[in-house]
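In this note's numbering, the protein residues as written are 12 to 557. Just so it is clear, CB atoms sit at the ideal spot from N, CA and C, and this is done for glycine as well. Here's the structure, in structure tokens; my notes come after.
This is the structure in structure tokens:
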């Protein structure tokens, strides 16, 4: 009876279906869990197998590296970062990447902070020595996000200390990879459909907004602007440092972010804003950027370049000359540095930019700089004095020495033409610069004639130049206007007074040109002192040999 009564009861079909579904779901979950466990075991086996292939010396290095990160031993970390890592790279990983972070995780107790820092070096090595894939570019961006989120969004300041050189390189590499990705993204011509789809779906990766946001956030968090302002007026920086800015990590990252923004704004073509970032930084030997040679060189390169693009050639010459003298004098000290080649290349680029500036604004240089410039770009300098013929030389030197400009917006993926055309921002900026050069193309020829006379008729000079008298009047007004430039004397980098930068002055009275040339006397004292020192070095060398 009980069976029959139970059978006759109303059956809730919905409940039965749910129960059946839950039973199957439970089976699926069990299968998924088993598959996940199998995958984890396989991954663990691969990790162990790969870990066995890592050279013992590299294992010991990673363990030692990790221990010093935990202990915040900045002195040891400096040696590890500048010397040990690069020596092991040359020996074991010159043409291959370092072991992935997942493979070394068991050696460092899965310390996520260390693994994030390790990945920063791992991806930097791939960018430097190998060729990064689109996956490398994406993963490196994610790793930088993890690193900066840890530094900026932790509860209170993080207990991490790193050498100044590494902190500068983190900011420098972050901007370099952003710059590299922007140029990579704009070249769609030879990309596969899969790569284009990935770029289309991940517009936020390496976006201009996210990079600028990180740099400005580091400046705000460290209160570095307030600290520099206090220091500028003779106060102690610690007064304005706050909880975060009193820590060396935050202070130096904030400071290097200001230099980073100088660079980013130059890459975007906003030279006024680039120099505005330097309002509270004084360009002298006591500045914090002078503690790291690469940062020192980068600062002067971008300040000089921004001045050049703003037509302040006298200030650009001053900036380039200063840093080139510094590089020449300290060359022997950084020959062993891993950045030696990079600093040398930047020096060559600045010599090229200096040659352009001297062609547009003739100025007397330091004797040693003048000699080096003549050796490297003597032929180019003479070609740039030949009017229209020199335009190609201006363009070649500019394209060689200018930074790799970026376009803040990516290509339009829905436009079929974007897939076949390549956006090259540096050609756009070169055209802007050359349009300014074209206005001044006759100035060197005019100056060479004007130097020969004290008074000269317009018709006579027009006949020499084979142009109309009215056109010559226009050219003379251009010479007059271009010889006056805004030149820094004191205050911020954007400030300055309008002064005559040429040693050749003239006035136009009716149809006669009256010329006055003021020659700057040579400073023989410097020349004699330099050669006396050279002579003493030769004598010392001869005494040692004997």
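- Residue ranges of uninterrupted alpha helix (DSSP H) with 4 or more members, entirely inside the segment 459-533 and ordered along the chain, are 469-476 and 480-493.
- No residue range can be given for residue 419, since it is assigned to no alpha helix (DSSP H) and is classified by DSSP as neither H nor E.
- The continuous alpha helix (DSSP H) containing residue 164 extends over residues 145-164.
- The residues 460, 461, 523, 524 and 526, in chain order, have a CB closer than 8 Å to that of residue 467 in the same chain once the five nearest residues on each side in sequence are set aside.
- The shortest CA-to-CA distance from residue 320 to any of 343, 367, 306 and 233 is the one to 367.
- From the listed residues 111, 124, 101 and 169, the smallest Cα separation to residue 140 is found for 101.
- Collapsing the DSSP output to three states places residue 262 in a helix.
- Under the DSSP assignment, residue 175 falls in the alpha helix (DSSP H) whose first and last residues are 175-197.
- If you ignore the 5 residues before and after residue 209, its C-beta comes within less than 7 Å of the C-beta of 145, all in its own chain and listed in chain order.
- For residue 364, the enclosing alpha helix (DSSP H) begins and ends at 351-371.
- Between residue 356 and residue 194, the CB-CB gap reaches or exceeds 8 Å.
- If you draw a straight line from the Cα of residue 385 to the Cα of residue 332, it comes to about 14 Å.
- Remark: C-beta atoms of residue 498 and residue 512 approach each other more closely than 8 Å.
- Contact between the segment 126-137 and the segment 149-167 is present: 3 or more CB-CB pairs across the two stretches fall below 8 Å.
- For residue 375, no alpha helix (DSSP H) segment is defined, and its DSSP state is neither H nor E.
- In this structure, residue 388 lies away from residue 411, with their beta-carbon atoms at least 8 Å apart.
- Every alpha helix (DSSP H) stretch that sits fully inside the segment 299-346 and reaches 4 residues is listed by chain position as 304-320 and 324-341.
- For residue 130, the enclosing alpha helix (DSSP H) covers residues 123-140.
- If the five residues before and after residue 226 are omitted, its C-beta is found closer than 6 Å to the C-beta atoms of 268, 271 and 272, all from its own chain and listed in chain order.
- In the DSSP annotation of this structure, the continuous segment of the alpha helix (DSSP H) that includes residue 450 starts and ends at 436-450.
- Using a C-beta cut-off of 8 Å, the segment 252-267 makes contact with the segment 155-171, since at least three inter-stretch Cβ pairs fall below that distance.
- In the three-state reduction of the DSSP assignment, residue 215 falls in the coil class.
- Between the alpha carbons of residue 215 and residue 76 lies a distance of about 33 Å.
- Residue environment: residue 422 is assigned as buried (16 or more neighbouring CB atoms within 10 Å of its CB, all protein chains considered).
- Between the segment 294-304 and the segment 248-259, the count of Cβ pairs shorter than 8 Å is below three; the stretches do not touch.
- Distance from the Cα of residue 449 is smallest, within the candidate group 127, 477, 544 and 397, for 397.
- Comparing C-alpha distances from residue 365 to each of 233, 351, 380 and 171 shows the shortest one belongs to 380.
- It is roughly 11 Å from the alpha-carbon of residue 223 to the alpha-carbon of residue 230.
- Contact between the segment 194-204 and the segment 285-294 is absent, with fewer than three C-beta pairs closer than 8 Å.
- Comparing alpha-carbon positions, the option among 313, 90, 338 and 457 lying closest to residue 504 turns out to be 313.
- From the listed residues 86, 96 and 446, the smallest Cα separation to residue 71 is found for 96.
- Membership of residue 407 in the alpha helix (DSSP H) is indicated by the continuous run 402-412.
- Looking only at 378, 129, 170 and 507, the smallest Cα-Cα distance to residue 536 is reached by 378.
- In this structure, 413 is the residue among 413, 213 and 447 with its C-alpha nearest to the C-alpha of residue 437.
- Within the same chain, and ignoring the five residues on either side of residue 485 in sequence, no residue has its Cβ closer than 8 Å to its Cβ.
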